[in-house]
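In what follows, a single structure is set out as structure tokens and then discussed.
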């Protein structure tokens, strides 16, 4: 999208105390992905020259996922202005636009980022991203002149009655010309109640120096900051709504959209039908014409064209479901290839297996893949029939066209075209049930006392 050379800073040092969590605020997930990674993924589409993330000390959980980006440490949390100062050694010689984002504001669109950078590249020295709000509440107000230039940012507690009527609010996001940024930062002071250096004060400093300050407007929903679990749930709902809409616009039927939960990376083909109460984890790709029935949970799985899943199915990472295959109710599949047109319709666990095509896995079949130390593979060939209530003790290989009798426990390989039985011989005792009932009646009948 961009042919403008610009740098990006993401501020992510906040503790997020209102989250009441042992994890950094920016590590909390939306649609299955930490919020800071949402920002980074969006940034990739507009190709910044560099990305620098500012974190606090002892935030290894965050820095571990930020390779290969530059990371700067803010030793003391002295406000947003101080956080940007932490990038001095990396960016002191950069004179292009510097886009400043917040790690807890993850839904910013690439179009908004680019529009802000473009405004700076066309002559603005400071660009503030604002939004119109019907309920401005405690947001800072952006005061502009009749030419659209930004005059100042007024915090709500300091705003006059007239200024409180302004609906244009401050999101906190900025673009600052690298030519002036650190000079402006060095003139910030901490003479406020919190004793912090506020990035927003740059606007008044820039105005006093005759620099150009402007506003770029965006939608309120994309500029939402996340500071609490409640706000996290709102952001999740907003993103899910967006993901569902995108799916339906691309040919997916969601029978009850609000009950389907998608991951940020879910890939859905055309004419897919998803019934109510289905959850997608990370890493799911679904081909055309697949039907997912209610109460299924799917993660790390590829499902080919025409397959039918569920209801009440669980597909775990490493699984591949072939075209026109069926995975039915109360079936769990893990790290398994289920070949084309094969089916496991009821009450089974198939783990660490490779199942060929046109194979039937009967109800209650279990692949016994774990010996207490290691996982082992079950290989089941093409056109095989596994009878109900069968236990396959891995490692094991069932050949093409083989039949395994119901109720069997199979611990050795089965040759192609063979019948395998592994169950105790049936024994029948004629008349036992009747005689046992009579015996029980006699035992339960009270005995008359002897005289």
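In the numbering used here, the protein residues as written are 63 to 513. Built from N, CA and C at the ideal position, the CB exists for glycine as well. It should be emphasised that the depicted structure is a prediction, and the values quoted were computed from it without experimental measurement.
Distance between beta carbons of residue j and residue i, contact taken as under 8 Å
{"i": "residue 514", "j": "residue 93", "result": "Outside the shown range of the chain (63 to 513) lies residue 514, about which nothing can therefore be said."}
{"i": "residue 115", "j": "residue 72", "result": "5 Å"}
{"i": "residue 340", "j": "residue 356", "result": "7 Å"}
{"i": "residue 442", "j": "residue 418", "result": "6 Å"}
{"i": "residue 265", "j": "residue 214", "result": "6 Å"}
{"i": "residue 104", "j": "residue 170", "result": "7 Å"}
{"i": "residue 344", "j": "residue 327", "result": "6 Å"}
{"i": "residue 218", "j": "residue 226", "result": "7 Å"}
{"i": "residue 321", "j": "residue 342", "result": "Contact flag wrong, Cβ pair sits at about 12 Å."}
Strand pairing of residue i, partner residues [DSSP]
{"i": "residue 159", "result": "239"}
{"i": "residue 258", "result": "Answer is none; residue 258 lacks a bridge partner."}
{"i": "residue 455", "result": "430"}
{"i": "residue 323", "result": "341"}
{"i": "residue 275", "result": "188"}
{"i": "residue 315", "result": "335"}
{"i": "residue 309", "result": "In DSSP, residue 309 forms no bridge with anything."}
{"i": "residue 131", "result": "In the DSSP output, where bridge partners are listed per residue, residue 131 has none listed."}
{"i": "residue 407", "result": "BP columns for residue 407 are empty, so no partner."}
{"i": "residue 394", "result": "376 and 411"}
{"i": "residue 203", "result": "216 and 231"}
{"i": "residue 381", "result": "363"}
{"i": "residue 114", "result": "71 and 132"}
Beta-carbon proximity list for residue i, same chain, < 6 Å, skipping 5 on both sides
{"i": "residue 465", "result": "447 and 481"}
{"i": "residue 358", "result": "340, 371, 372 and 375"}
{"i": "residue 396", "result": "378 and 413"}
{"i": "residue 178", "result": "189, 191, 237 and 278"}
{"i": "residue 477", "result": "461"}
{"i": "residue 449", "result": "424, 466, 467 and 468"}
{"i": "residue 250", "result": "143, 259 and 263"}
{"i": "residue 309", "result": "330"}
{"i": "residue 438", "result": "431, 456 and 457"}
{"i": "residue 319", "result": "306"}
{"i": "residue 492", "result": "none"}
{"i": "residue 486", "result": "none"}
Beta-carbon spacing of residue i, residue j below 8 Å
{"i": "residue 367", "j": "residue 377", "result": "no"}
{"i": "residue 406", "j": "residue 381", "result": "no"}
{"i": "residue 189", "j": "residue 203", "result": "no"}
{"i": "residue 168", "j": "residue 97", "result": "yes"}
{"i": "residue 391", "j": "residue 421", "result": "no"}
{"i": "residue 440", "j": "residue 451", "result": "no"}
{"i": "residue 86", "j": "residue 121", "result": "yes"}
{"i": "residue 160", "j": "residue 69", "result": "yes"}
{"i": "residue 332", "j": "residue 316", "result": "no"}
{"i": "residue 263", "j": "residue 349", "result": "no"}
{"i": "residue 484", "j": "residue 471", "result": "yes"}
{"i": "residue 90", "j": "residue 294", "result": "yes"}
{"i": "residue 383", "j": "residue 410", "result": "no"}
{"i": "residue 88", "j": "residue 166", "result": "yes"}
{"i": "residue 78", "j": "residue 289", "result": "yes"}
{"i": "residue 369", "j": "residue 388", "result": "yes"}
{"i": "residue 335", "j": "residue 353", "result": "yes"}
{"i": "residue 207", "j": "residue 268", "result": "no"}
{"i": "residue 174", "j": "residue 299", "result": "no"}
{"i": "residue 127", "j": "residue 99", "result": "yes"}
{"i": "residue 500", "j": "residue 475", "result": "no"}
{"i": "residue 210", "j": "residue 276", "result": "yes"}
Residue closest to residue i, alpha-carbon to alpha-carbon, out of the options
{"i": "residue 176", "options": "457, 164, 298 and 110", "result": "110"}
{"i": "residue 220", "options": "199, 310, 239 and 81", "result": "199"}
{"i": "residue 196", "options": "282, 154 and 157", "result": "282"}
{"i": "residue 272", "options": "454, 224, 89 and 212", "result": "212"}
{"i": "residue 393", "options": "360, 88, 145 and 419", "result": "360"}
{"i": "residue 337", "options": "419, 344 and 323", "result": "323"}
{"i": "residue 118", "options": "100, 137, 225 and 130", "result": "137"}
{"i": "residue 182", "options": "147, 230, 240 and 427", "result": "240"}
{"i": "residue 147", "options": "65, 404 and 261", "result": "261"}
{"i": "residue 172", "options": "419, 102, 223 and 230", "result": "102"}
{"i": "residue 163", "options": "334, 228, 233 and 187", "result": "233"}
{"i": "residue 228", "options": "193, 474 and 487", "result": "193"}
{"i": "residue 66", "options": "507, 313, 149 and 157", "result": "157"}
{"i": "residue 248", "options": "209, 313, 296 and 150", "result": "150"}
{"i": "residue 155", "options": "314, 276 and 245", "result": "245"}
{"i": "residue 297", "options": "507, 502, 95 and 504", "result": "95"}
Chain-order list of residues whose beta-carbon lies under 8 Å from that of residue i (same chain, five-residue window excluded)
{"i": "residue 140", "result": "252, 257, 258 and 259"}
{"i": "residue 223", "result": "none"}
{"i": "residue 479", "result": "461, 462, 463 and 464"}
{"i": "residue 473", "result": "455, 458 and 484"}
Any C-beta of chain D under 8 Å from that of residue i
{"i": "residue 278", "result": "The structure shown contains no chain D; it is built from a single protein chain."}
Cβ shell of residue i (< 7 Å), same chain only, five flanking positions each side left out
{"i": "residue 185", "result": "274"}
{"i": "residue 81", "result": "87, 90, 290 and 291"}
{"i": "residue 386", "result": "368, 369, 402 and 403"}
Contact test: residue i Cβ vs the ligand ADP heavy atom, cutoff 7 Å
{"i": "residue 139", "result": "Among the ligands in the structure shown, none appear at all, so the ligand ADP cannot be discussed."}
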